[in-house]
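Chains as they are written, first to last, in the numbering used here: chain E, 6 to 319; chain Z, 317 to 679. No residue lacks a Cβ here, since even glycine has one placed at the ideal position from N, Cα and C. Heads up, the thing below is written out as structure tokens.
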């Protein structure tokens, strides 16, 4: 019975595929990214989530098991510890760290946008070879290690570094400025590192921009600054949103830049995570911090996505 | 069914022990960076025919996160005292069979007794090198700001008036909560290993009072910064500061760095060799430990890395520059004031690390 039903289903599918109702090729293509997401995002997420519900212990690995299977007594004990999440809520330290991360990420996203827009505009408005060269220049820094580029900034910004030397030589300052280990250095590092992530989506949006619309706005009496906000910005909005998300999301969890360029008082969630993991040796707590960070990020992203969908529909 | 399983298990363990009996031709070492003369590793390979895979780390935290995850494949690791202590409690390490180490007698008994505070009866570890945490400073810049005042005191950091004079030239402190808090407690005349919340609060207040004068908290950056004059005072590991001394010398920029053990007494640390229980090449690990315990190799380590080795037999072979340096081999009077930092309970660790975060972020 079952077998015959199974055969019937298969036969039906076969017929459908011959008629073109089931597009196998399409199914396969869709399955690949889903498989990818499941393997590299969903399963690791579940592992981290599982650890966040356990308790830290002096053992290998350093946390307790959720499931305790006793074969002899045929008991399955499930022990779930919500204490980590409770602690996150009760201790204002974590809230401060999340808020401070979001603040730093927001400020650096805006700064990156301001720096990236003219660059993207220039690339989109240039022709042929110039455009290829400009695009290559934006991508080129990726060919050197990210870490190396951050170290290069340490050399540039330090007290006896070239920036201080030049400022002293031209007489702008008489004492070398303390730039390293300040928030200023963190912003420089982030804007520099994440610039391509902002430039490329902006470029894609601006490239498609119809210049006749800008001209029309000018003909109708708009000054350049007015037509910029009335015509260019709305048309470039998808690029702006994509670029901002590409910068904002990774910066919230950024660890390397604040720890190399920032001062000890630059409180960011990436550093809190590292401290929980390695100094407190509390893997469950570190996992809980990571899960909450993910939730905090997912909510605004879904909101942005929904609003852009509505716009598309409108 | 059960008997079958048992048979299978014993068959597996037989094959495993047979494999272990066979001479290993490989050895996976995980040690601190710049902690041995690379020539010595080559010598060991030539003498034994064992191929050494030598990996390095630069912090106990990195070692611990790997080793606590299990199945690292490492045969020999070199954790520091309090980390070793906790890792032994977690059951990570195999017991050391001292009968397999013919050079074990070369070790300094007095220091072995100190290490036993981390590793009872020295059952799971063999000390590799030891040192102190103290003050590394820029000689000229301190003289300019403090005159001829002696610099061998933690007053330079903990007395806010004194530290304020050094603020502009840069003060750096180790980013190591347990070690720094132990030093602060000792400075206050309290038990450096106290787990009393009240004592911790006092240490936190002491550090907060001088927080504004500290430029950064980091456990290795000061090495380069001291050498090129970016900072003028660092609380750091003696060997690292010695490295800074020689780097400053090589650079020839006129920067002179020195190391002082504070008169209040300071923290003494031990790095010890230990064999993970799941190490695949234990016999080779024993051979390497014995090799390190030989007077020539031990002296070679001290001469190369400028740290003290706990090896009595090696002392005649250590160059004068190292053995006569009180910053590396302290005098007996100074030695008497050194204290180890013991592992804390998880609960106290959390309090301590939170206090440390508060100090660092100035909350």
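Where residue i falls, given that 16 or more other Cβ within 10 Å makes a residue buried
{"i": "residue 598(Z)", "result": "buried"}
{"i": "residue 407(Z)", "result": "exposed"}
{"i": "residue 404(Z)", "result": "buried"}
{"i": "residue 330(Z)", "result": "Note that residue 330(Z) scores a pLDDT of 43, beneath 50, so its modelled location is shaky and nothing firm can be said."}
{"i": "residue 533(Z)", "result": "buried"}
{"i": "residue 493(Z)", "result": "buried"}
{"i": "residue 588(Z)", "result": "buried"}
{"i": "residue 204(E)", "result": "buried"}
{"i": "residue 311(E)", "result": "exposed"}
{"i": "residue 290(E)", "result": "buried"}
{"i": "residue 110(E)", "result": "buried"}
{"i": "residue 231(E)", "result": "exposed"}
{"i": "residue 566(Z)", "result": "exposed"}
{"i": "residue 553(Z)", "result": "buried"}
{"i": "residue 380(Z)", "result": "buried"}
{"i": "residue 61(E)", "result": "buried"}
{"i": "residue 236(E)", "result": "buried"}
Helix, strand or coil at residue i [DSSP, three-state]
{"i": "residue 247(E)", "result": "helix"}
{"i": "residue 59(E)", "result": "coil"}
{"i": "residue 673(Z)", "result": "helix"}
{"i": "residue 553(Z)", "result": "strand"}
{"i": "residue 237(E)", "result": "helix"}
{"i": "residue 367(Z)", "result": "strand"}
{"i": "residue 480(Z)", "result": "helix"}
{"i": "residue 465(Z)", "result": "coil"}
{"i": "residue 726(Z)", "result": "The structure shown does not extend to residue 726(Z), since chain Z is modelled only from 317 through 679, so no value can be given for it."}
{"i": "residue 75(E)", "result": "strand"}
{"i": "residue 447(Z)", "result": "strand"}
{"i": "residue 452(Z)", "result": "strand"}
{"i": "residue 351(Z)", "result": "coil"}
{"i": "residue 373(Z)", "result": "strand"}
{"i": "residue 396(Z)", "result": "strand"}
{"i": "residue 141(E)", "result": "helix"}
{"i": "residue 345(Z)", "result": "strand"}
{"i": "residue 204(E)", "result": "helix"}
{"i": "residue 627(Z)", "result": "strand"}
{"i": "residue 89(E)", "result": "helix"}
Cβ-heavy atom distance, residue i to the ligand ZN, below 7 Å
{"i": "residue 665(Z)", "result": "As for the ligand ZN, it is missing from this structure, which has no ligand bound."}
Contact list for residue i against chain Z, beta-carbon separation under 7 Å
{"i": "residue 177(E)", "result": "Here the premise fails: no neighbours, minimum Cβ distance about 19 Å."}
{"i": "residue 164(E)", "result": "546"}
{"i": "residue 285(E)", "result": "665, 666, 669"}
Nearest neighbour of residue i, chosen from the options [CA to CA]
{"i": "residue 546(Z)", "options": "120(E), 185(E), 255(E), 200(E)", "result": "185(E)"}
{"i": "residue 557(Z)", "options": "632(Z), 447(Z), 672(Z)", "result": "447(Z)"}
{"i": "residue 305(E)", "options": "87(E), 292(E), 254(E)", "result": "254(E)"}
{"i": "residue 251(E)", "options": "158(E), 269(E), 113(E)", "result": "113(E)"}
{"i": "residue 65(E)", "options": "628(Z), 650(Z), 618(Z), 593(Z)", "result": "593(Z)"}
{"i": "residue 382(Z)", "options": "399(Z), 666(Z), 625(Z), 628(Z)", "result": "399(Z)"}
{"i": "residue 343(Z)", "options": "352(Z), 351(Z), 360(Z)", "result": "360(Z)"}
{"i": "residue 576(Z)", "options": "650(Z), 519(Z), 479(Z), 412(Z)", "result": "650(Z)"}
{"i": "residue 188(E)", "options": "162(E), 202(E), 174(E)", "result": "162(E)"}
{"i": "residue 130(E)", "options": "106(E), 48(E), 207(E), 84(E)", "result": "207(E)"}
{"i": "residue 652(Z)", "options": "580(Z), 432(Z), 352(Z)", "result": "580(Z)"}
{"i": "residue 369(Z)", "options": "393(Z), 571(Z), 424(Z)", "result": "393(Z)"}
{"i": "residue 278(E)", "options": "216(E), 69(E), 298(E), 262(E)", "result": "298(E)"}
{"i": "residue 288(E)", "options": "43(E), 260(E), 54(E)", "result": "54(E)"}
{"i": "residue 518(Z)", "options": "528(Z), 390(Z), 505(Z)", "result": "505(Z)"}
{"i": "residue 529(Z)", "options": "544(Z), 479(Z), 443(Z)", "result": "479(Z)"}
{"i": "residue 425(Z)", "options": "669(Z), 418(Z), 626(Z), 655(Z)", "result": "626(Z)"}
{"i": "residue 210(E)", "options": "147(E), 128(E), 159(E)", "result": "128(E)"}
{"i": "residue 349(Z)", "options": "365(Z), 378(Z), 366(Z), 409(Z)", "result": "378(Z)"}
{"i": "residue 606(Z)", "options": "591(Z), 596(Z), 619(Z), 595(Z)", "result": "591(Z)"}
Chain-ordered neighbours of residue i on chain Z, where CB pairs are closer than 9 Å
{"i": "residue 282(E)", "result": "377, 381"}
{"i": "residue 234(E)", "result": "Per Cβ cutoff of 9 Å: no residues; residue 234(E) is ~39 Å from chain Z at best."}
{"i": "residue 98(E)", "result": "670, 673, 674, 677, 679"}
Partners in chain E for residue i, counting only beta-carbon separations shorter than 8 Å
{"i": "residue 730(Z)", "result": "In the structure as shown, chain Z starts at 317 and stops at 679, and residue 730(Z) therefore has no counterpart that could be examined."}
{"i": "residue 533(Z)", "result": "269"}
Neighbour list for residue i in chain E, Cβ cutoff strictly below 9 Å
{"i": "residue 406(Z)", "result": "62, 63, 64, 65, 67"}
{"i": "residue 402(Z)", "result": "63, 286"}
Proximal residues of chain E, C-beta to C-beta of residue i below 7 Å
{"i": "residue 385(Z)", "result": "66"}
{"i": "residue 662(Z)", "result": "61"}
Mind checking the stretch 41-70 of chain E against chain Z and listing, in chain order, the residues whose C-beta falls within less than 9 Å of any C-beta there?
61, 62, 63, 64, 65, 66, 67
Would you list, in chain order, the members of the stretch 167-196 of chain E that have their beta-carbon closer than 7 Å to a beta-carbon of chain B?
In the structure shown, chain B does not exist; the protein chains are E and Z.
Beta carbons nearer than 9 Å to chain E: which residues of the stretch 490-510 of chain Z have them?
491, 492, 493, 494
If contact means a Cβ-Cβ distance below 7 Å, which residues of the stretch 450-473 of chain Z contact chain E?
none
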